[in-house]
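In the numbering used here, the protein residues as written are 11 to 155.
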């Protein structure tokens, strides 16, 4: 009987309404590590559907999504900001510090301006964010019903 193929160690979901940006980050992350399974969503609802149907280790989220604010998606992903179940990294074109602070207050592990974020740095941030969320005691992690 053939053995089951090994699953990638890390599943990353990129939610970005800009097709070029989404494809850029998804492809570069795939090149960073063969351990990444990178999923893509063009809007919030399809991103949430993927999140609910797959084991996702990290979400890379743009805040400027079509038909819905990325903050709404962030709040859906992390209903209890102090108890994240998944690592969320926000990438945005908006460099305003208030946006970053609001993203952190709503549970994002990190927030970066797209044009200033190298994919290699994003790779390191993803690994740190996953380690942070994974190191939380199980009783402190939010588990959806």
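Note that beta-carbon positions come from the ideal geometry of N, C-alpha and C, so glycine has one too.
Fair warning: this is a prediction, and the values are worked out from it, not measured in the lab.
For residue 99, the uninterrupted beta strand (DSSP E) run begins and ends at 97 to 102, by DSSP. Residue 71 is positioned such that its CB atom lies closer than 9 Å to that of residue 99. Here the alpha carbon of residue 75 sits roughly 13 Å from the alpha carbon of residue 50. If you check the CB distance, residue 60 and residue 86 do not come in under 9 Å. Residue environment: residue 141 is assigned as exposed (fewer than 16 neighbouring CB atoms within 10 Å of its CB, all protein chains considered). For the set 36, 128, 80, the Cα lying nearest the Cα of residue 47 is the one of 36. Listed in chain order, the non-local C-beta contacts of residue 38 below 7 Å within the same chain comprise 129, local neighbours out to five positions each way being set aside.
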